[in-house]
Amino acid sequence: MNELKFKTAILLALLTCLACISSVSSADTAINTNCVIDTPGNYYLTDNITGTTVNVIEITCSNVVLDGQGYFIDGANSWGYGIYASGVSNITIKNVNIKNFSGGSEIYFSEVTNSFITNNSLESDGLSFGIQLESYSNNNTITGNTANSNYDGISLQSSSNYNTITGNTANSNANFGILLVSSLNNTITNNTADLNDKYGIYLYSSLNSTITNNTADSNNLNGIFLQYSSNYNTITNNTADSNNDSGISLQSSLNNTITSNAVNLNNDSGIFLTSSSNYNTITNNTANSNNNSGIYLQSSSNYNTITNNTADSNNNFGIYLSYSSNNTITNNGLNSNAGGSGIYLGSSSNYNTITGNNATSNRNGIYLKSSLNNTLIGNTADLNSLNGIFLQYSSNYNTITNNTADSNNNHGISLDSSSNYNTITNNTADSNNNHGISLADSLNNTITSNAVNSNVLYGISLADSNYNQIYTNIFNNSQNYDISSSGINYWNTSKEQGGGNYWFTPTGMGWSETHSDLNNDGFCDDQYNLSTDNIDYLPKSLDMAAPEVTINSPLNESIYNTSSILINVTAIDSSDVSLVTVEIENVKNVTLSLNGSYYTGNTGNLLDGIYNITVTSKDENGNTNTTKPVTITIDTTAPKVIINHAEDDFNRITNILNVTINDLSLDSVIAEINNGTVLKNITLNETNGYFGNSDFEFVEGAYSVRIYANDSFGLVNSSETVDFVVDLTYPVITVNIEDGKYFNNGSNVINFTVDEDYIDSVTAFNGSTEILLNNSTGNYLNSVALNEGVYNVTIRINDTAGNNVNKTVRFTVDTTAPVLTLNNPVNGTTFTTSSISLNVSANDSLSNVSSVIAKIGSVRNVTLFFDGEYYTGNTGTLSNGNYEIRIIVTDLAGNVNSNETVNITVAVPSSSSRSSGSSHSSSSDVSDDIESDSVRDAVSDSDVVYGNSFDEGYAQELKENLYDSEDYEISGDTIIVGGPESNKLAEKYDSKFGISISNDNPGENKGIIQVLKVQDNSGSIIQSYTIIYIAGSDRYGTQAALEYFKTLDELPEGPIMVEWTANGPVLA
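The sequence shown begins at 1 in the UniProt record's numbering and counts up by one.
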């Protein structure tokens, strides 16, 4: 029995091994129904599945891949799970479409780790979870899924940690797009969570997660919401626009970072913190055009940092704090928030720091309401429709320093309704439409060292305000003060602490301008009585004189070989010097200290260079004097030598050396020249900032040159050398092809040699196109066969010295045979005449046609001539029989087209059949086309003389035996064929006939037949000859006359003019 169990165990082990081998093969497992996957492997759906169990597909083992292949799992509107996995790891669910569950989840993981949910589509009409991870489901990746119209799109709960949710769409869900509950260290990135009924992305008691590059728009509540101790999360580069509540909201959540998000057009606020959301950082966000505020903190949201944000054009406030303290608001842009303020602190928002913000074009720039101990430093609050800076309702113990509050429609700085014990110092409140500084029902405030100028109503206004200290301010307004219903205020301190105020007016009639200071102590000799209880006992006098300043050291144009220089200055002013500063241009500013009678300091370590130093002295009244600059040079290093020309060759003998010396106290530059045999030193001269050999002349040869640069402190640089060759000889090109030549092959067309020892480059360009070359044979040839075309190639040789030479060669590459059409005769035609006209169309687009030859069987070759449109000619007289006529066309490149042939038959009727009973015995070489015995006899008895090949073709239609007109002398009856342009005999006798023949006479396509009797008296016997003249203005005219001549019955008595037409010759 035990042996049987052992054998069974071995068999099961074998089967398991075989199953494992199958799981990594292509033999995966198909699924088409409800099932439990309990064996590792790859599974795939082959059909849609309708759920009949609570868990349609349940996975109970690890190492499973389930590929839905786009098929559906349909929950049939029942409660349950589309895919259920618990207590497993390393599973992948992909490409599954799941729908129609009325509760439960489409994909559910519990205690599942290291798994993937990818590219699935999940939808349940708002009744079930799309993807749900619970109970320590850690280190999973959820990517590329669509989870729309579920209860929650993607949900992580109960310590589901270290998961990555990326690239998913979770829209239009009934609750949340993406939900994290009590889950840590998750990453949510590049997801879309729009149009959900509550929140786009919701974290509840979830820590240390990263939410980045997501879109959470148009949700019914908040775009992104962190609640109940969702701490230490990072929210960055998200878009949360057009949500029905706020873009990003934090409730009772600490130490989160909210940066570089876009939170615009939300129905409440862009960013909202409430319920002790403390220690959060809000930076570089854009929070514009929200219906309430750009950034809103309330309910003890303390110790937050709000910096470098933009909160413009919101309906109420740019930044709003309510019951929130110890926050830092820095460098934010808060503009055009027309319904409220750029920054609003209300309801006991205390101990906040507001610095460097720009709050312009709002209702109020910065508004504090019932808020204490806040610090406002370096803000800009201009162009607001009410006040620049406004404190109201017991806003006490605040510090307002170095702010600008200009051009506001009401007041620059306003304290109202028991805003007491505030310090307002070193601010600017200019050009406001009412008052520069306004106090109403406010006590015990300190207002010092402010600039209050050009305000429309009053510089400073006090209404029911007592015990305020107002001194060392500058007032320059048409009306500097207004005091109503106020008791005692204090308008000066002691002389030693600065005394009272400056009282100027734009017209120069202020108290400080019109009252004397006889003892030159800086104060007017008379007190300034503003009202009974408001007296400036030490009004400041106008001191217009700037301090006298002398720079004792350094002196102008001084050169130092140490990097740190002592500065010594004398500065004197009757109102005492308050500040002496040194500007080392574009480097640093140095404040000098009083040392006995002098102000001294040190430049600190300066780099080598030339520096402009100016000194500015300021007196206690703000008058300044700036000296003219003194220039000093710091030079602590040896000269730097830069040889600007490379180790190269030159084709000149002067101005070869080009050296730049960087040194601030250069003394001399020497070049040591070595050509191998002679060592010579020359001084280089400076021209336009460069040193060179403008005088020294080199001869051809190789050189090595060392540069010595010396400065005035004895520092020498001799480390730079350069080698070069002086070459004055130009390269020589020998082109081995004939200019204008035609080629029928593009290989090795370009052929040239170069005579040059220092070749730098050899190029050949056809226009702007380079032709690649090789010289493996010693000659430069084109390395790639040239395409057809007309070439005008420029060959350019550059040597290393810059000598160059060009040669141009023109040629044509034509590899295509001419185009040929044989127009006449037509193939298969039978002719009853012994001579046939030839008409050919031939052309070549590149190299033109050089010859057209008609090969008449084995009888003869006839050259055809171009008449301006066609190539024409005549077969000459042919005996009866069958003939193949082949046309051979050759172009100038030697390409030949001989593909056109026709076969014709010549069948001229015999004499007996032509004129029965005729008994003439004319020569057998007379054309059978001539039927008249008289004309046949005349032709038979005559020599037929032609001038060119065209005329020869026509003459052959009369008889076979012909004579060339060259050197022919008439010694008997003669027939002249062709005019004087081509026929020498015609040229000789043309004037003897009644009508002279030329290109213009008798005209186009016209010819004339003329007969002349000539008497020869040169011998002992007087003889007479008959000369028949057959010629035209062109070839068609000659052909017309000859064809008509063959039809005559008798020789004509006078000239006959004939014209060639489409129907043959007719009398003209």
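We put the beta carbon where it would ideally sit given N, CA and C, even for glycine.
Just so we're clear, the structure is a prediction, and the values are computed from it rather than from any experiment.
Sequence-distant residues of the same chain with beta carbon closer than 8 Å to residue i, five excluded per side
i, result
"N335", "D312, S313, G318, G342, N358, A359, T360, S361, N362"
"Y44", "D28, T29, A30, I31, L66, D67, G68, Q69"
Buried or exposed by the 16-neighbour rule on C-beta atoms within 10 Å, applied to residue i
i, result
"K540", "buried"
"F866", "exposed"
"I610", "exposed"
"S1024", "exposed"
"R936", "buried"
"G1064", "exposed"
"N602", "exposed"
"M1057", "buried"
"E770", "exposed"
"G436", "buried"
"R860", "exposed"
"K198", "buried"
"Q251", "buried"
"E957", "buried"
"G339", "exposed"
Contacting residues, own chain, Cβ-Cβ under 7 Å from residue i (five flanking each side not counted)
i, result
"Y954", "N874, V977, T1038, Q1039, L1042"
"L657", "A671, L684, G692, N693, V705"
"W1060", "N1005, Y1036, G1037, Q1039, A1040"
"D667", "N710, D711, S712"
"E513", "F504, L542"
"N744", "D814, T815, A893, G894, N895"
Beta-carbon proximity of residue i to residue j, cut-off 8 Å
i, j, result
"I795", "E720", "no"
"G51", "V96", "no"
"T305", "I271", "no"
"P909", "G994", "no"
"I904", "L822", "no"
"A756", "D799", "Correcting the residue type first, residue 756 is Glu in the shown sequence and not Ala. It is a contact, given that the beta carbons lie within the stated cut-off."
"G789", "V754", "no"
"N432", "D406", "yes"
"N529", "T505", "no"
"V902", "V809", "no"
"S965", "N999", "no"
"I154", "N168", "yes"
"S289", "N327", "no"
"S564", "N534", "no"
"S395", "L372", "yes"
"V849", "D891", "yes"
"G177", "I201", "yes"
Own chain partners of residue i with C-beta closer than 6 Å, once the 5 adjacent residues on each side are dropped
i, result
"T626", "T614, T616"
"G75", "G51, N100, F101"
"N114", "S89, N90, N139"
"S293", "S269, N314, N316, F317, Y320"
"S218", "D194, L195, S242"
"E1053", "none"
"T210", "T187, T234"
"S911", "Low confidence applies to S911: its pLDDT is 45, below 50, so where it sits in the model is not reliable, and the reading given next is rough at best. Closer than 6 Å at the Cβ level, and outside the excluded window around S911, lies no residue."
"D1049", "S932"
"T448", "T425, Y471, T472"
"G412", "G388, A405, A429, N432, G436"
"F765", "T794"
Expected contact under 8 Å - CB spacing of residue i and residue j to nearest Å
i, j, result
"Y963", "V944", "7 Å"
"N331", "G356", "4 Å"
"Y393", "S417", "5 Å"
"T212", "N231", "The pair is not a contact, with the Cβ atoms about 17 Å apart (cut-off 8 Å)."
"L122", "T146", "7 Å"
"I1008", "I997", "7 Å"
**Prompt:** Which ranges would you report for the beta strand (DSSP E) in the segment 955 to 989 if only whole runs of at least 3 residues count?
**Reply:** 962 to 964, 974 to 977
**Message:** Quick check on the DSSP output: what are the complete alpha helix (DSSP H) runs of length 4 or more inside the segment 208 to 262, in order along the chain?
**Reply:** none
**Asked** Along the chain, which unbroken stretches of the alpha helix (DSSP H) at least 4 residues long are found entirely within the segment 507 to 575?
**Response** 511 to 514
**Request:** Only counting runs of 3 or more residues, tell me where the beta strand (DSSP E) segments fall wholly within the segment 341 to 381, in order along the chain.
**Result:** 341 to 346, 353 to 355, 364 to 369, 375 to 377
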